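A.B. asks:
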Amino acid sequence: MTYTHLTTNELTIIAHSFVQKLKAYRVAQMINRCQVLARYKEGIKCGFETKFSNGRTEGINNRIKTIKRVACGYRYFTAFKTWIYLIIGHQIQTN
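Counting from 0, one number per residue, gives the positions in the sequence shown under numbering that gives the first Met the number 0.
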């Protein structure tokens, strides 16, 4: 379900009603989730308002970790760095 067509005020109303429904269950985990949502409310709101994402960075980081795990250690760091650039060098661009 996407909410890209809604305004910030409409999203705030939907989020508030969702939190109220979670609180009604009176389960400790649900109450904890409600507190987390309340704590990060402004950040969540900004996430809907702006189109910025760190998904690309997270993807590159995940690929590097996978290379590191599969490599089982390189003798020289430059060999490891070269391997990273060979595999994901086309994804790393400086703008």
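The beta-carbon is built from N, C-alpha and C at its ideal position, and this holds for glycine as well. No experiment lies behind these values; they were computed from the predicted model shown.
Taking 8 Å as the threshold (C-beta atoms), are residue 7 and residue 44 in contact?
C.D. replies: yes
A.B. asks: Judging by CA-CA distance, which residue of 13, 17 and 62 is the nearest neighbour of residue 29?
C.D. replies: 17
A.B. asks: When you compare the region 79-88 with the region 50-68, are there three or more beta-carbon pairs, one atom per stretch, that lie closer than 8 Å?
C.D. replies: The region 50-68 and the region 79-88 touch, with three or more beta-carbon pairs separated by less than 8 Å.
A.B. asks: I'd like to know whether the C-beta atoms of residue 40 and residue 33 end up nearer to each other than 8 Å.
C.D. replies: no
A.B. asks: Thinking residue 51 and residue 10 are a contact (beta carbons under 8 Å), I'd like their distance in whole angstroms, please.
C.D. replies: Wrong, their Cβ atoms sit about 17 Å apart, outside the cutoff.
A.B. asks: Locate the alpha helix (DSSP H) running through residue 55, then write down its first and last residues.
C.D. replies: 54-70
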